[in-house]
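>
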Amino acid sequence: MADFVREVMTPGVVAVRPDASLVEAAQLMRAQDTGGVLVVGHHRVIGVLTDRDIALRAVADGADPLTVSAEAVCTRDPVVIGPEDAVWAAAKLMRDHAVRRLPVVEDGRPVGMVSLGDLAVAADPGPGKAPMYAHDRWQEPPTTPEG
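Numbering (the numbering used here), first residue to last: 12 to 158.
#1: To the nearest angstrom, how far is the alpha carbon of residue 36 from that of residue 82?
#2: Based on the DSSP secondary-structure assignment, which residues constitute the bridge partners of residue 125?
#3: For residue 26, which of helix, strand or coil comes out of DSSP?
#4: Where does residue 97 fall in DSSP's three states?
#5: May I ask which residues mark the beginning and end of the beta strand (DSSP E) holding residue 77?
#6: Here's the rule: buried if 16 or more other CB atoms are within 10 angstroms of the residue's CB, otherwise exposed. What is residue 47?
#7: Return the Cβ separation of residue 19 and residue 92 in integer angstroms, given the expectation that the two are a contact with Cβ distance under 8 Å.
#8: Among 76, 58, 120 and 97, which residue has its Cα nearest to the Cα of residue 90?
#9: CB-CB under 8 Å to residue 94, same chain, minus the five flanking residues each way: which ones, in chain order?
#10: Roughly how many angstroms lie between the CA atoms of residue 33 and residue 127, to the nearest whole one?
#11: Please say whether residue 107 and residue 85 have beta carbons closer to each other than 8 Å?
#12: Would you say residue 133 and residue 13 are within 8 Å of each other, going by their C-beta atoms?
#13: Given that a residue counts as buried once 16 or more other Cβ atoms are within 10 Å of its Cβ, and exposed if not, what is residue 42?
#14: So is residue 112 buried or exposed if we call it buried at 16+ other beta carbons inside 10 Å?
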């Protein structure tokens, strides 16, 4: 069972420029078989753009996906996590902020993504083994009173 985000994250960055059109972003998502990309400018995460964002924040409102930018529709200033952070911390952030993906950032630069699916795969013990659910394994350690 993995303990650190680096052990479960998808390494590498699938990203678009802030001025990329929603069509460009959607084509990249399709090519990379992912439901979300980072919006990155000057090697920094500006936001997260998902297929759902494109559908609900742009297309459903009649916006032209050829002319609307990724930056205009993305979720700006997303919650991020580091590769050396605990997996339980990623699960807690996802739960607390109701998100399915967290950019993994090291020294201010994106290095990967961890998704709810990554956590589910990491929690699967494999065939013939008793299941251990993520909420049982990846909980914040109890605090002890200082003595």
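Where a beta carbon is used, it is the ideal one built from N, C-alpha and C, also for glycine.
By the coordinates alone:
#1: In the sequence shown, the residue the question calls residue 36 occupies position 25. In the sequence shown, the residue the question calls residue 82 occupies position 71. Computed Cα separation, rounded: 11 Å.
#2: Taking the sequence shown and counting its residues from 1, one reaches residue 125 at position 114. BP columns for residue 125 point to 113.
#3: In the sequence shown, counting from the first residue as 1, residue 26 sits at position 15. Reduced to three states, the DSSP call for residue 26 is strand.
#4: What you label residue 97 is simply residue 86 of the sequence shown in a count that begins at 1. Three-state result, residue 97: strand.
#5: For the purposes of this step, residue 77 is identified with residue 66 of the sequence shown, where counting begins at 1. No beta strand (DSSP E) contains residue 77, which DSSP labels as neither H nor E.
#6: Taking the sequence shown and counting its residues from 1, one reaches residue 47 at position 36. By the neighbour-count rule (16 or more Cβ atoms within 10 Å), residue 47 is buried.
#7: By one-based count along the sequence shown, residue 19 stands at place 8. By one-based count along the sequence shown, residue 92 stands at place 81. Not a contact, Cβ separation roughly 11 Å.
#8: The sequence position of residue 90 within the sequence shown is 79, counting from 1. Comparing alpha carbon positions, the residue from 76, 58, 120 and 97 closest to residue 90 is 58.
#9: On the sequence shown, position 83 is the one that residue 94 refers to. Excluding sequence neighbours, residue 94 sits near 15, 16, 17, 20, 115, 117, 122 and 123.
#10: Position 22 of the sequence shown holds residue 33. Position 116 of the sequence shown holds residue 127. Approximately 24 Å between the Cα atoms of the pair.
#11: In the sequence shown, counting from the first residue as 1, residue 85 sits at position 74. In the sequence shown, counting from the first residue as 1, residue 107 sits at position 96. No. Outside cutoff.
#12: As a working mapping, residue 133 is identified with position 122 in the sequence shown. As a working mapping, residue 13 is identified with position 2 in the sequence shown. Less than 8 Å divides the Cβ of residue 133 from the Cβ of residue 13.
#13: Locating residue 42 in the sequence shown gives position 31, where the first residue counts as 1. Per the 10 Å Cβ criterion, exposed.
#14: On the sequence shown, residue 112 is found 101 positions in, with the first residue counted as 1. Under this definition residue 112 is a buried residue.
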